[in-house]
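I have placed the structure first, in the form of structure tokens, so that the comments after it can refer back to it.
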Amino acid sequence: MNNYYGVSDKSYRAVKECELELEAKFKELDAIKEFFNIKLLKIFIDNKVKDSDFESKTGYCYDDIGRDKIEKIYADVFGFEDALVRPAIASGTHAIYIMLSAILNTGDELISVTGAPYDTLQSVIGTEGNQAGNLISKGILYSEIELKESGDFDTHTILSSITDKTKVIYIQRSRGYSTHKNFTISQLKEATKTIKEKHKDVIIAVDNCYCEFVSIEGDNLPDVDIMAGSLIKNPGGTLASSGGYIVGKKKLIEEAASRLYAPGLKKEIGSTFGTNRSILQGLYIAPSIVNTALKSSLLFAKVFDKYNYSVFPEIEEVRQDIIQAVSCKSKDELIKICEIVQGNSPVDSFVKPIPSYMPGYEYDIIMAAGTFIQGSSIELSADAPIREPYTVYIQGGITLEQSKLILMNIVEKF
Ligand SMILES: *Cc1c(COP(=O)(O)O)cnc(C)c1O
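Each residue of the sequence shown is one higher than the one before, counting from 410 in this note's numbering.
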């Protein structure tokens, strides 16, 4: 083995050995990548993607054929009738807000059945802070049902909580800033099927952030009505420079487009600002990028586990998203890990991340993201709310070698 990482042989070997032990798991991930790469290639061929699709329109942007094709492709990839994929959707939170606020009216009830949603969504809903325009302030009723200790859905409580007012059942697939055990795809499918059998008119809406192209079964959810995510996470494949997506039933997507633009305008307007190519190319390579991100997460889990840190998910757990959470021993250690991540990144390596206020979050956040796209967490990034128990959330990665260099430096430091 040739150590050109510039670390001690001991640290080098520690990480290399972990990598070798993951060989079988990496093979499984490669099979998932192979499936999605072929699926995407076929969808691109069927939709006759062509050079002129990458051109952008001006003004109202009627007849932006490339834009419309991107949305058809997103719908095909995730198995939905329609999609809204726009660089004008500023983030995952924005996409999810559009999805929820488009379908919920005063007096309607929203039930989150995966416990408290991701931090920024709590500001959107109105359970944290009192931000102007939050859903509760507009007369939307809201309640939460926790997942069971096992990570499974509490289907009994869900079914008995649904009333005439219940319009949306909300499911967050990835862990967010939490270390609870995650439900499996079959548990998700079982729960949504049961809900739909008993209440066919309830809309099942999903926060799909970080879950795209992670598992073959996970990208085909027949009982889900609408789903949203970020293009600077998995499906942007590190190339999309901004944006979010919503996929779902045709009528719901029309409502979402009316919410983003204006009633009557539908999806027929809206500039893509020259991003058609990067959005399509990013989607096309996304399974390969997700594959690297998953290998990186596994390697982080393996190395930290070797030194007796608690890791979520554990190495043997089936992964539902690209996030690897690691329980740090102290706030200082958490900050130190983020510094090592930042210091060994291709962009802004000389910058020191410090915890601070971020819009939408109630706690100070530290975020190491030495990324080409600002804040992109499909590129290698490490972040955490500064609150006990000090857990750092690591995800993404364009190259596995960057993760190895970071891990070798972490081994060296600790
Ligand atoms: C990242 C994320 C979001 C949205 O976050 P943005 O930073 O607004 O893109 C929402 N839910 C979950 C679970 C997430 O991981």
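Glycine included, C-beta positions come from ideal geometry on N, C-alpha and C.
Computed from a predicted model, the values in this text were never measured in an experiment.
Asked: Residue from Gln729, Asp730, Ile763, Glu723 whose Cα sits closest to the Cα of glutamate 742; Found: Ile763
Asked: Cα-Cα separation, threonine 681 to arginine 495; Found: 7 Å
Asked: Isoleucine 635 Cβ short of 7 Å to ligand 1 heavy atom set; Found: no
Asked: Start and end residues, alpha helix (DSSP H) containing methionine 508; Found: 501-512
Asked: Nearest residue (CA-CA) to serine 552, options Ser569, Lys658, Thr588; Found: Ser569
Asked: Member of Ser583, Lys745, Lys676, Gly752 whose CA lies at the smallest distance from the CA of tyrosine 469; Found: Lys676
Asked: Start and end residues, alpha helix (DSSP H) containing lysine 687; Found: Rather than lysine, the amino acid found at residue 687 in this sequence is serine. 685-715 is the span of the alpha helix (DSSP H), which, as asked, contains serine 687.
Asked: Tyrosine 654 beta carbon less than 8 Å from that of leucine 449; Found: no
Asked: Residue from Ser587, Arg476, Lys442, Thr523 whose Cα sits closest to the Cα of isoleucine 698; Found: Lys442
Asked: Glycine 535 to leucine 550 span [Cα, whole Å]; Found: 10 Å
Asked: Reference isoleucine 807, options Ser786, Val633, Val735, closest by Cα; Found: Ser786
Asked: Sheet register partners of serine 639 (DSSP bridge); Found: Gly653
Asked: The region 552-568 / the region 588-596 touching (three or more Cβ pairs under 8 Å); Found: yes
Asked: Distance between alanine 734 and glutamate 821 (C-alpha atoms, nearest Å); Found: 20 Å
Asked: Contact between the region 608-621 and the region 514-531 (3+ Cβ pairs under 8 Å); Found: yes
Asked: Which listed residue (Thr701, Arg796, Lys658) has its alpha carbon closest to that of glutamate 428; Found: Thr701
Asked: Stretch pair the region 450-468 + the region 628-635: three plus CB contacts closer than 8 Å; Found: no
Asked: CB of alanine 497 within 8 Å of CB of leucine 669, strictly; Found: yes
Asked: Neighbour-count burial assignment, isoleucine 474, 16 or more Cβ in a 10 Å radius; Found: exposed
Asked: beta-carbon tyrosine 654 near ligand 1 non-hydrogen atom, thresh 7 Å; Found: no
Asked: Length of the line joining the Cα atoms of aspartate 491 and valine 712; Found: 42 Å
Asked: Residues that DSSP places opposite phenylalanine 721 in a beta bridge; Found: Ala734
Asked: For glutamate 553, the residue or residues it bridges with in DSSP; Found: Ser521
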